[in-house]
Each structure stands twice: as C-alpha cells, then as structure tokens.
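Asks:
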Amino acid sequence: MNRRIFLRGLGGACVAAPFLGSITDSTVKAQPATPPKRLIVMYTHYGCITTRFFPKKSHGALTAADLQSTTLKHLAPHVDKLLLPRGIRAMNEWTVNMDRGQGNDRHLQVNGSYFTCHPVTPNSDDPFSFETATKFEARPTGPSLDHVIARQLSPDGEPLLMRVGNFREGAPTAISYAAPVTQYPGLGAPAEILASLTGLFTDPLPSPDTYHAIRGKSIIDLVRHDLDSLARFDMSQADRNKLEAWKAMLDETVTTVASGQCNTSLATALGATRENFDLASTLPSGDDVLTRRISDSLDGADLYSNLAVLAAACNATPVIFLKYPGNFLFKGLGLTLESSSMSYRLGNAGMQGTCVPGVIDMLLKVDDYYARKFAHLVEQLDGIDEGDGTLLDNCAAVWFQDVSDGCARNLNNLPIVQVGSAGGYFKTGWAVNVEDGSPDLTTGNSEITCVDGAPNEVDGSTQATGTDPSLANAPINKYFCSLMNALGVRAGADGFPAPGGSEPVTHFGMYDRTEDFIGGGVNPPTIHDPGEFAALKASS
2 MNRRIFLRGL
12 GGACVAAPFL
22 GSITDSTVKA
32 QPATPPKRLI
42 VMYTHYGCIT
52 TRFFPKKSHG
62 ALTAADLQST
72 TLKHLAPHVD
82 KLLLPRGIRA
92 MNEWTVNMDR
102 GQGNDRHLQV
112 NGSYFTCHPV
122 TPNSDDPFSF
132 ETATKFEARP
142 TGPSLDHVIA
152 RQLSPDGEPL
162 LMRVGNFREG
172 APTAISYAAP
182 VTQYPGLGAP
192 AEILASLTGL
202 FTDPLPSPDT
212 YHAIRGKSII
222 DLVRHDLDSL
232 ARFDMSQADR
242 NKLEAWKAML
252 DETVTTVASG
262 QCNTSLATAL
272 GATRENFDLA
282 STLPSGDDVL
292 TRRISDSLDG
302 ADLYSNLAVL
312 AAACNATPVI
322 FLKYPGNFLF
332 KGLGLTLESS
342 SMSYRLGNAG
352 MQGTCVPGVI
362 DMLLKVDDYY
372 ARKFAHLVEQ
382 LDGIDEGDGT
392 LLDNCAAVWF
402 QDVSDGCARN
412 LNNLPIVQVG
422 SAGGYFKTGW
432 AVNVEDGSPD
442 LTTGNSEITC
452 VDGAPNEVDG
462 STQATGTDPS
472 LANAPINKYF
482 CSLMNALGVR
492 AGADGFPAPG
502 GSEPVTHFGM
512 YDRTEDFIGG
522 GVNPPTIHDP
532 GEFAALKASS
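When the sequence shown is numbered by our numbering, its final residue is 541 and no position is left out of the sequence of numbers.
(1) To the nearest angstrom, how far is it from the Cα of D513 to the Cα of V121?
(2) Do you know offhand how far T429's Cα is from C396's?
(3) Per DSSP, what are the beta-bridge partners of W400 in this structure?
(4) In the DSSP assignment, what are the bridge partners of P573?
(5) Taking the beta strand (DSSP E) that K374 falls in, what are its first and last residues?
(6) Who are the Cβ neighbours of D126 in its own chain at under 6 angstroms, not counting the five residues just before and after it?
(7) Looking only at C-alpha atoms, which of V367, G158, S340, G421 sits nearest to G390?
(8) Buried or exposed: N167, going by 16 or more other Cβ atoms within 10 Å of its Cβ?
(9) Just to confirm before moving on: does the CB-CB distance between K479 and D441 stay below 8 angstroms?
(10) Between the Cα of G351 and those of F129, E159, S471, spot the shortest distance and give me the residue it belongs to.
(11) Who pairs with E504 in a beta bridge, going by DSSP?
(12) I need the straight-line Cα distance from Y370 to H75, nearest angstrom please.
(13) Using C-beta distances below 6 angstroms, list every residue in its chain close to T45, excluding the 5 sequence neighbours before and after it, in chain order.
(14) Between the Cα of L73 and the Cα atoms of A91, R90, D81, R53, which residue gives the shortest distance?
(15) When the Cα of V399 is compared with those of D297, I361, W431, L323, which residue comes out closest?
(16) Could you check what DSSP says for V224 in three-state terms: helix, strand or coil?
(17) Since H108 contacts P173 with CB under 8 angstroms, what's their CB separation in whole angstroms?
(18) At 3 residues or longer, what runs of the beta strand (DSSP E) sit wholly inside the region 443-498?
(19) Between L393 and L382, is the Cβ-Cβ spacing less than 8 angstroms?
(20) Can you list, in chain order, the residues of its chain whose CB lies under 7 angstroms from that of T117, leaving out five sequence neighbours each side?
(21) In the structure shown, what three-state DSSP assignment does E436 receive?
(22) Considering only their Cβ atoms, is the gap separating T468 from S405 smaller than 8 angstroms?
(23) Relative to the C-alpha of P36, which residue among T292, Q153, Y426, M99 is closest?
(24) Which whole-angstrom value is the C-beta distance of N446 and E94, which I expect to be below 8 angstroms?
(25) In the DSSP assignment, find the unbroken beta strand (DSSP E) run with M163 in it and report its ends.
(26) Residues in the same chain with beta-carbon distance under 8 angstroms from M163, minus the five sequence neighbours each way, listed in chain order, please.
(27) With a CB to CB cut of under 8 angstroms and the five nearest residues on each side skipped, what residues in its chain are close to Q32?
(28) Mapping DSSP to helix, strand and coil, what is G22?
(29) Using a Cβ-Cβ cutoff of less than 6 angstroms, which residues in the same chain neighbour P19 once the five nearest sequence positions on both sides are dropped?
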C-alpha cells in the first residue's frame, strides 16, 4: 500500500490517510517501521535585508533570544530544531564584468543554475545584451535537485512542485528541470495539487462525492464510514493523535479548496476538471493571491503549505517544493511597488539612482511575511506525531532564497534556513559556519545605503550592498549532497547520484566554483571540493 491507508466514500472518493504503525499486523509490530525522510523546500526571490536576517551568532548553539531581533524571530519556538548553515555560495553569479558566472541575465542564470549547478544554454558573454534567446529563454544543461532525488525515492519518479499562487514560470524564474533544458511546470491550482494526492477531482464527470465536495461538504464526511471503522482499531495514542491532526488539517484545507476557491461558473457547471479548478484558484489580474485571507487561520500561501504537509504526512513523495512567484506586488502588506523593483531599491529595474523613500522598511515587510509563511509550514509539520517525535523531526524543511542581498544579487553568504533533522541526520539548534567555523561571519552590508545617516544613492553594479566576495564561498553543491545523503539517495562509484547506486553522494552538478561558469561550460566538468558538509551532521 506504499505506506498509505486509503479511505473510500460510497460515491468514489479516495483519500490517503497517514501511515499508522500501531495498527499494522504483528510482523510489522515486531519490527517498528522507521519513518520516511522528506525534503520540503520553500523558495523565494530577491534575497533579503541580510543585516536584519541573520543572528549575530554565526557559529554555535542558538537560543530563542538570538532570533528575537532578527527576521527569523517567528521561528523562536522551534529554535531547538533549527539549523542555519552559514557561509554557503550558490553557483553562476551575474556580474557586470562577468568574473563570477555567465553573462546572460541577473535573474535567469541564477535561478536556472541554483538547483542544477549547471550553466545555462545558449550562453551569452554580454551582460547587457537583450537577445531573447540568451536573456529570456536560456535553460540549464542538467536536471535539478528535486528530480534527481525523486528518480530514486519517489513512487512515480517525480517531485511535487507547487507554484504558490498558481503563477506560470518562464525561464528567468524557473527552478525545476526534469532533464537538460527541460523545464518542469509543476502544479499550480490547489485542487490540482489535491487531485495528485487523492485522485478525488480528476474524473471528467463528477461523482456524487465530487458534487458534494464542490458544494462545500467536508471530504472527511464523504469517507465517514471508513474513517469511523478505522477509528475503532486498537492503536497507540501517538497514532490516534496523528490521525486527529490529519483530520483537522484535511478538513480545513479541502473545504477551502472545494468551496472558498470556487467561482460562479464552476459552481454552475459543477465540473471537476483541472481547467475549472485553475479558474477557481485565479483571482482577477492585480489581486494579491498570496496574502488574501482564505479562512481565519489561512491565507492564500498557507493553503499551499498545508497541502505540502498533507503530501508529507501521506508519504506521497519525499521531495516537495513550494515555489513562490518571482516579481510580485504584495498589496495585502500595504505595498505599492513590486518585489523586483523594491529589491533594486530604486522602484524600477535600473542599476543606479536615488533610493525610494522608506524602501528598506518595505523590503523588511516582505522578509517578515516570508518568515511567517515558513514558520507556519514548520508549525504544521511539528503538530503531527510520527515515530518517536513529529513529522517535522523526519523532515528537512529548508527555506532557500535565490540570492543573498537583492540589490547586489550576490550569491555568497546565502540566507539558508533549515528546520528539522531529517530523522536525526542533521545537527539542530545551531548556526554552523561550514566554511571555517569562524564565530563572527559577517551579516552582510544591506544597509550601507537607503537608511538614515547613509548615502541615498545606490549602484547595484558595484554589489556594495552584498557580502565581500572573498567571504562565505563554500559551494552549495556540498549542502545538496548532505540533503541527499540524509534522505537516502545513493551514488555510483563516481560519487554522482545514480539509481541503483550503493555509495554515499559526494558529487552533484557540473561545477562547484562559480568562476567555472564563465563562458557557459567551456571548462571540463569538475567538482573541486567533493563530499558533504560534515559539520552539519548530528554526529559532528
């Protein structure tokens, strides 16, 4: 049954419930199942105000007090399960003199190379060219991390990629690639995602259960008979708590999808097609689909996080990505500038000019919103019992950002936040400077301009607001190796991930030095610093 319990309604509804170890047969009881490991990624764009994001302590045990004055204060209740890998650089940085990567585009090559560690093609050696093929349509020459993991561990060989807010992705902001230059679209509409988990909303004609679901009836009610039978089993208190938490989350999330997101045309047609649910998830152009309240406890972004938690609890796949949109206008936060324009500090896509008044405070609002969304995801994961702990304990929930400082668009000193030890694999409750263990790694220079007492002119071409490029350059490839080894991905004799392999993963991507990306892959493929980050392991 692939570690799932299926509940079925009389009208054809099928819902996957959590695996409940205490009600399996005696042979399984004799050998308690080890909970599966999952990787849940939240990915956001345009970096952060690094001077407010990082705790001052860059290496050592963390306390809630260390987080209180930072963007990460919302994670203070989970500080014991928090891991901050410090000193890491992503690959293929765009610079005006093209000394740390390709010359395609500040957005495209950074996102395309982020989880692939491959250059993009076709290459450009002109950082200011507006040629369509190289600036807007180039794609990486290798697959991304989510697909590499899923090919070994996911039942269908694919990851669950959710486009939060259901925005279509072009090459400049896409991050998921099933194969070289093959962009993976993922899923966008909440009900489309739900269908991938339960099979409930995929029929071209609605079953009686589907009809009632569209009218707002709880999915729990549709499978009530099976659920009542399951509840009568003699199970452990931990499993009973897990089942109750799953029921509460499913009831809230699915009711929201089935009724709150439906528009008039969908209700009239009573269809359950993917096209109808795409309509249901799309608000009129210009509306803020992320911060819009869906219920008392959920906004539009939280709904996707809840679906991610459902997917993890049902063991649908071990790799789940929550991809936030690129350029976005956060009207619900009271902002009037889109996130890209704010990140440049100028209110436009220029690289030089006068700061927008109050722009740092605007950016801090966005940083705080993302931190609250990540904290919501973590809280939901930590609320479901599993094994000797919670679902969160068996996950690595990681918040990645495409760059460090959004104006400099530098890739060193990345803000990476992990919560959960992936079943005890990772050290938690720590900030770990993987580069050299130094306790005083810089927090960056995001506030050297655009604040009181500082110059009011900004020049993004100098990257002055970023971290000194000589610091915090440990290759992100090694962190990806750490994550893969934690989940149980195996490698061939060469250390690269390979289905059927028997060795730990030590190599990932084409290059692990950002300078090797210059020219678009003209150097022989080389991983100069193989292996994972041993300093992140619980045993270190």
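Just so it is clear, CB atoms sit at the ideal spot from N, CA and C, and this is done for glycine as well.
Replies: Let's see:
(1) What you label residue 513 is simply residue 512 of the sequence shown in a count that begins at 1. What you label residue 121 is simply residue 120 of the sequence shown in a count that begins at 1. Those two C-alpha atoms are separated by around 15 angstroms.
(2) Within the sequence shown, numbered from 1, the residue matching residue 429 stands at position 428. Within the sequence shown, numbered from 1, the residue matching residue 396 stands at position 395. Between T429 and C396, the C-alpha separation is close to 12 angstroms.
(3) Along the sequence shown, read from residue 1 onward, the residue named residue 400 stands at position 399. BP columns for W400 point to M43, V418.
(4) With the chain covering only 2 through 541, there is no way to say anything about residue 573.
(5) Residue numbering aside, residue 374 sits at position 373 when the sequence shown is read from its first letter. Careful: K374 lies outside any beta strand (DSSP E), inside the alpha helix (DSSP H) at 360-383.
(6) Taking the first residue of the sequence shown as 1, we reach residue 126 at position 125. G104, listed in sequence order.
(7) Position 389 of the sequence shown holds residue 390. Nearest C-alpha to G390: G421.
(8) In the sequence shown, the residue the question calls residue 167 occupies position 166. Flag for N167 reads buried.
(9) Within the sequence shown, residue 479 is the residue found at index 478, counting from 1. Within the sequence shown, residue 441 is the residue found at index 440, counting from 1. Cβ atoms of K479 and D441: not closer than 8 angstroms.
(10) Counting from 1 along the sequence shown, the entry for residue 351 is found at position 350. Per the Cα distances, F129.
(11) For the purposes of this step, residue 504 is taken as the residue at position 503 of the sequence shown. Answer is A492, bridged to E504.
(12) Counting from 1 along the sequence shown, the entry for residue 370 is found at position 369. Counting from 1 along the sequence shown, the entry for residue 75 is found at position 74. When rounded, the distance between both Cα atoms is 10 angstroms.
(13) Counting from 1 along the sequence shown, the entry for residue 45 is found at position 44. Here the set comprises Y325, Y371, Q402.
(14) As a first step, residue 73 is located in the sequence shown; it is residue number 72 there, counting from the start. Among A91, R90, D81, R53, the Cα nearest to that of L73 belongs to R53.
(15) Residue numbering aside, residue 399 sits at position 398 when the sequence shown is read from its first letter. For V399, the nearest C-alpha among the options comes from L323.
(16) Stepping through the sequence shown from its first residue, residue 224 is reached at position 223. Here V224 sits in coil by DSSP.
(17) Locating residue 108 in the sequence shown gives position 107, counting from the first residue. Locating residue 173 in the sequence shown gives position 172, counting from the first residue. With a Cβ gap of about 4 angstroms, H108 and P173 count as contacting.
(18) 458-460
(19) Locating residue 393 in the sequence shown gives position 392, counting from the first residue. Locating residue 382 in the sequence shown gives position 381, counting from the first residue. Yes, the pair counts as a contact, with Cβ atoms nearer than the cut-off.
(20) Looking up residue 117 in the sequence shown gives position 116. Excluding sequence neighbours, T117 sits near P141, G143, P144, S145, Y178, G510.
(21) Sequence index remark: in the sequence shown, residue 436 carries index 435 (1-based). Looking at E436 - three-state DSSP - the assignment turns out to be coil, as it is neither helix nor strand.
(22) For this step, residue 405 is matched to residue 404 along the sequence shown. For this step, residue 468 is matched to residue 467 along the sequence shown. A contact, by the Cβ cut-off of 8 angstroms.
(23) The residue labelled residue 36 in the question sits at position 35 within the sequence shown. It is Y426 whose Cα lies nearest to the Cα of P36.
(24) For the purposes of this step, residue 446 is taken as the residue at position 445 of the sequence shown. For the purposes of this step, residue 94 is taken as the residue at position 93 of the sequence shown. Not really, about 16 angstroms apart at Cβ, beyond 8 angstroms.
(25) Your numbering for residue 163 matches position 162 in the sequence shown. 161-164 is the extent of the beta strand (DSSP E) around M163.
(26) Translated into positions along the sequence shown, residue 163 becomes position 162. Hits under 8 angstroms: G187, L188, G189, I194, Y305, L308, A309, I321, F322, L323, K324.
(27) Reading the sequence shown from its first residue, position 31 is the one you call residue 32. Confidence at Q32 is low in this model, with a pLDDT of 45, below 50, so its placement is unreliable and no value can be given for it.
(28) As a position in the sequence shown, residue 22 is number 21, starting the count at 1. Helix, per DSSP.
(29) Locating residue 19 in the sequence shown gives position 18, where the first residue counts as 1. Excluding positions up to five away in sequence, the list reads K243, W247, A314.
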